[in-house]
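J.: Residue numbers (the working numbering): 2 to 166. The beta-carbon is built from N, C-alpha and C at its ideal position, and this holds for glycine as well. Just so we're clear, the structure is a prediction, and the values are computed from it rather than from any experiment. Mind having a look at this structure? Questions to follow.
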């Protein structure tokens, strides 16, 4: 099973807040995606703001709860924006400042497209293409959701968002 994840509106975010904050966002997303190993998945940076998540020998139905949990965790995480000059010099100083920080915060969301091997998929590249199509369907469905390719054909797009709970 393969999932493709993309940070929503990342270029606009990068242009608004700067590349250093954009890099922080990518590290945050990578960190949250790495926690998906609880569900048996492994996350890899695919390029730019896109990540590939591989679940070996798992079905879409087994993986969807883990992907939805990651999507929700990222959407609900407040990123503290600090003035560049007041940034901590090291991790210890950062932990001390974090507790009393009152800087502005922002959040980002991710869209996730999911595909598993189908009879019509003859190569891994075709599974990747299907996951990418599902990712673009997630973006077209309003972003900040998880869409499964196989379910697009069978019973309509599965769209999960915070509001759907």
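Closest to residue 12 by CA distance: which of 133, 139, 24, 70 is it?
T.: 24
J.: When you compare only the Cα positions, how much space is there between residue 64 and residue 18?
T.: 33 Å
J.: Taking residue 71 as the reference, which of 43, 82, 116 has the closest Cα?
T.: 43
J.: Quick check on residue 160: does DSSP put it in helix, strand or coil?
T.: Residue placement at residue 160 cannot be trusted, given a pLDDT of 47 that sits under 50; the coordinates are not used to answer.
J.: Would you mind stating whether residue 8 and residue 73 have Cβ atoms separated by less than 7 Å?
T.: no
J.: In terms of DSSP beta bridges, what is residue 16 paired with?
T.: DSSP, once it has assigned bridges, lists no residue as partnering residue 16.
J.: Would DSSP call residue 106 helix, strand or coil?
T.: Residue 106: strand per DSSP, three-state reduction.
J.: Considering residue 149, what are the terminal residues of the beta strand (DSSP E) in which it resides?
T.: Where residue 149 is concerned, the enclosing beta strand (DSSP E) stretches over 147 to 149.
J.: Measure the alpha-carbon distance for residue 80 versus residue 108 and round it to whole angstroms.
T.: 6 Å
J.: Report the CB separation of residue 128 from residue 139 in whole angstroms; it is logged as a contact under 8 Å.
T.: The C-beta distance from residue 128 to residue 139 rounds to 17 Å, too long to meet the 8 Å contact threshold.
J.: Using beta-carbon positions only, say whether residue 3 and residue 132 come within less than 7 Å of one another.
T.: yes
J.: Work out the CA separation of residue 26 and residue 150 for me, nearest whole Å.
T.: Each residue's alpha carbon lies about 27 Å from the other.
J.: Suppose the cutoff is 6 Å on Cβ atoms and the five residues either side in sequence are ignored; what does the same chain contact list for residue 114 look like?
T.: 5, 132, 135, 136, 139, 148
J.: Output needed for residue 31: all residues of its chain with C-beta closer than 8 Å, excluding positions within five of it in sequence on either side, in chain order.
T.: 44, 46, 52
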